[in-house]
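Residue numbers (my numbering), protein chains in the order written: chain A, 23 to 130; chain B, 5 to 340; chain C, 31 to 122. For reference, the structure is listed below as structure tokens.
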Amino acid sequence: MVSAGVVLDLVSAGLLVAGGLFAVSGGLGLLRLPDFYTRVHAVGLTDSAGAGLILLGLLLQAPDWATAVRLVLILLFLLLTGPTATQALAQAARRDGVKIWLDGEPER
Amino acid sequence: MPTLTFLTAFLFGVLVATAVAITRIRALYVAAMLAALFSLVLASLFVLLDAPDVAFTEAAVGAGVSTVLFLSVLALTRSREAVTPRRKRWPATLAVLLAGGTLLFASQDLPPFGASDTPVQRHPVTGTYLVESTREIDIPNAVTAVLASYRGYDTLGELVVIFTAGVAVLLLLTRLPDPATPPGHPAGPPRGGVVLADYRVLRVVSKLLLPPILLFACYVLFHGEYGPGGGFQAGVILAAGVVLFGLVFGLDRARQVLPRPALLVLIAAGVLLYTGVGLAGLLLGGAFLDYDPLRPGGPPAGQHLGILLVETGVGITVAAVMTAVFFGFAGRGVSR
Amino acid sequence: MFLAGMVAVLVAMVLALARAFLGPGLYDRILAINMVGTKTVLFIAVGGFLFGRPAFLDIGLFYALVNFVATVAVLRLTHYRELGVLPREEPW
């Protein structure tokens, strides 16, 4: 019979690892993708996903209510402002005339 | 423990790389963003060194306010650094080598980090701050106890420095109304050009976020006795909220929320509150900035009230000064 | 387990920093620095658990706010091509 503590630890570890993988893949995408708009996709998606999973993993390990509430607040804040910032960035770049990369062009 | 050493070494490496990049890049917008990154990494280092209040302040000032001010200034001038001629580089190199060399030489005299016989461990004042403060002041955050009560006079001096800086910036940047334009006459296109209110997502999210930001500022102010935080950080958070509003909805609307006369009053109000608390202590029988007589319940109760009022004063002046400086810089509009 | 999360966050930070140093043009750098900001918030959160100090979460929340305001500030203050164009007045 597996105790609740071990199950909690396992789930937490799984969430942390998954979140870490998302974060690293976002970083890789930022370096390898060919132009600004594709990089915005990488960052916007993986920031929210990675941050959400890591913070959920930490939430399961929170020692008391105060820490748990703070974690939830950080989670909500990041989920709200991350995509907003990347959307505004992409729209600003579009208005400023940053060109979209087409297949076959050299990487910019 | 090796994890800590590895993390610290890694962050220092990042710090050095960022510093080198800032000096080499001549596009100043990029350099300003990298300076924000520098402050961010520095704040992480302070977190690792177990100094959360300092990390808070560094993140606030270095990565938040300084970046906004640098970018506002860059909007007013050319944004590409001119190449320094070779003959002017020698005095600068000499000055840097001299200053850096002196610091490195002086740091040899510092005791090893965390050793048990450093002056911090041996001096009786440490015992007073850490042990006696639980009896005399009774708040968990020793940093706030030292800052607001034991060294309250220093903090008053720092507040007056911030006040003076705000006044100086206002004196330099205030644009007097043009006597040729009669008041009430529209002055042309809104100063400051484009308004980010065109970006609907940003606008909605900013409107949603502003009340929680102001609430968070109040929380940091009142919670500064129990955790990292305090008046200065609360003031910066308040200013950040006003800056966000001004950036997204336009400076004219932000100026309607906080008109210039109100800002001028607020800048002075914080300093007056702090000095007033000090004088109240004097009038009630204690020394200047002695919080004990402020409340009849004995030392801890009076100290709590005194620290609260004093931190509020700091928060008000810091928020007002930073808002006024931001309005001053960003309101000059872009002239190219 | 926390250590693995911390390492992943640091690796992501280094990758984003590389883009901040390289990225041709301003917008790539703004994006990279925004990402480093979010990763720093995660670093502070995981670090708080790793070193047993949950009080760091206040700093993490605060830094998330500062990161957002700084990104918005850069957008507003570098958007210099659109100057002189009057914005459309939206009802709210």
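All residues carry an ideal CB built from backbone N, CA and C; glycine is no exception. Being a predicted model, the structure only gives us computed values, none of them experimental.
I'd like to know whether the C-beta of residue i is nearer than 9 angstroms to at least one C-beta of chain B.
i, result
"C:V76", "no"
"A:Q113", "yes"
"C:V102", "yes"
"C:L72", "no"
"A:T60", "no"
"A:L102", "yes"
"C:A50", "yes"
Measuring straight from C-alpha to C-alpha, what distance separates residue i and residue j?
i, j, result
"A:V33", "B:F10", "28 angstroms"
"A:A88", "B:A172", "42 angstroms"
"B:L242", "B:L218", "6 angstroms"
"B:S111", "C:L91", "34 angstroms"
"B:A238", "B:A31", "33 angstroms"
"A:L97", "A:G51", "23 angstroms"
"B:V205", "B:F253", "13 angstroms"
"B:V65", "A:A110", "24 angstroms"
"A:F44", "B:V58", "31 angstroms"
"B:I311", "B:Y295", "8 angstroms"
"C:G77", "C:A85", "11 angstroms"
"B:I23", "B:A13", "Contrary to the premise, residue 23 of chain B reads as Ala rather than Ile in this sequence. The alpha-carbon atoms of B:A23 and B:A13 are separated by roughly 15 angstroms."
"B:V164", "B:V147", "20 angstroms"
"B:I271", "B:T321", "5 angstroms"
"C:L45", "C:L72", "15 angstroms"
"C:P54", "A:G72", "26 angstroms"
"A:D69", "C:A62", "11 angstroms"
"A:L30", "C:M31", "12 angstroms"
Reducing DSSP to helix, strand and coil, say where residue i ends up.
i, result
"A:A112", "helix"
"B:A31", "strand"
"B:R84", "strand"
"C:M123", "Because chain C is modelled from 31 through 122, residue 123 of chain C falls outside the range shown and cannot be assessed."
"B:N145", "coil"
"A:E127", "coil"
"B:T178", "coil"
"B:T122", "coil"
"B:K92", "helix"
"B:Q3", "Absent from the model: residue 3 of chain B. The displayed extent of chain B is 5 to 340, so no value can be given."
"B:A323", "helix"
"B:P216", "helix"
"A:K155", "Because chain A spans 23 through 130 in this model, residue 155 of chain A falls outside it and cannot be assessed."
"A:L95", "helix"
"B:E315", "helix"
"B:A55", "coil"
Under 9 angstroms, Cβ to Cβ, is there at least one residue of chain C near residue i?
i, result
"B:P190", "At B:P190, the pLDDT of 45 sits below 50, so the modelled position is not reliable and the matter cannot be decided from this model."
"A:A71", "no"
"A:A88", "yes"
"B:T27", "no"
"B:V20", "no"
"B:V252", "yes"
"B:I166", "no"
"A:A26", "no"
"A:V65", "yes"
"B:T7", "yes"
"B:I241", "yes"
"A:I133", "Outside the displayed range of chain A (23 to 130) lies residue 133 of chain A, so it cannot be described from this structure."
So residue i packs on residue j, CB below 8 angstroms; how close in whole Å?
i, j, result
"B:L287", "B:R299", "That pair is no contact at about 14 angstroms."
"C:T101", "C:I74", "About 18 angstroms; that fails the 8 angstroms criterion."
"B:G317", "B:L174", "The Cβ separation is near 19 angstroms, so there is no contact."
"A:G48", "A:V65", "6 angstroms"
"C:V96", "B:A244", "6 angstroms"
"C:K69", "C:A42", "5 angstroms"
"B:Y230", "B:P144", "5 angstroms"
"B:G250", "B:A334", "7 angstroms"
"C:P35", "A:L38", "Position check: residue 35 of chain C holds Gly in this sequence, whereas Pro was assumed. That belief holds up - the Cβ atoms of C:G35 and A:L38 are roughly 4 angstroms apart, short of 8 angstroms."
"B:V209", "A:L102", "6 angstroms"
Taking 9 angstroms as the CB-CB limit, is residue i close to chain A?
i, result
"B:L157", "As written in the sequence, residue 157 of chain B is Tyr, which differs from the Leu given in the question. No, B:Y157 lies away from the interface with chain A (no Cβ there is under 9 angstroms from its Cβ)."
"C:F81", "no"
"B:L32", "no"
"B:Y203", "yes"
"C:L105", "yes"
"B:L276", "no"
Any contact between the stretch 6 to 23 of chain B and the stretch 77 to 95 of chain A? By contact I mean 3 or more CB pairs, one from each, below 8 angstroms. With the cut-off at 8 angstroms, the stretch 6 to 23 of chain B and the stretch 77 to 95 of chain A do not touch.
Inter-stretch contact at 8 angstroms, needing at least 3 Cβ pairs: the stretch 222 to 235 of chain B / the stretch 148 to 159 of chain B: The stretch 222 to 235 of chain B vs the stretch 148 to 159 of chain B: in contact.
Pair every Cβ in the stretch 46 to 63 of chain A with every Cβ in the stretch 115 to 128 of chain A, then say whether three or more of these pairs are closer than 8 angstroms. Touching, per the Cβ criterion.
The stretch 64 to 93 of chain B: positions lying closer than 8 angstroms to chain D by Cβ: Considering every chain present, this structure includes no chain D. Its protein chains are A, B and C.
Should the stretch 273 to 283 of chain B be regarded as contacting the stretch 40 to 51 of chain C, the criterion being three or more beta carbon pairs within less than 8 angstroms? The stretch 273 to 283 of chain B, when compared against the stretch 40 to 51 of chain C, does not touch it at the 8 angstroms Cβ threshold.
Please determine if the stretch 74 to 84 of chain B and the stretch 36 to 54 of chain B are in contact, where contact requires at least 3 C-beta pairs separated by less than 8 angstroms. In this structure the stretch 74 to 84 of chain B lies against the stretch 36 to 54 of chain B, because at least three pairs of beta carbons, one per stretch, are closer than 8 angstroms.
Any chance the stretch 75 to 92 of chain B sits against the stretch 103 to 110 of chain B, with 3 or more Cβ pairs inside 8 angstroms? The answer is no - the stretch 103 to 110 of chain B does not touch the stretch 75 to 92 of chain B, with fewer than three Cβ pairs under 8 angstroms.
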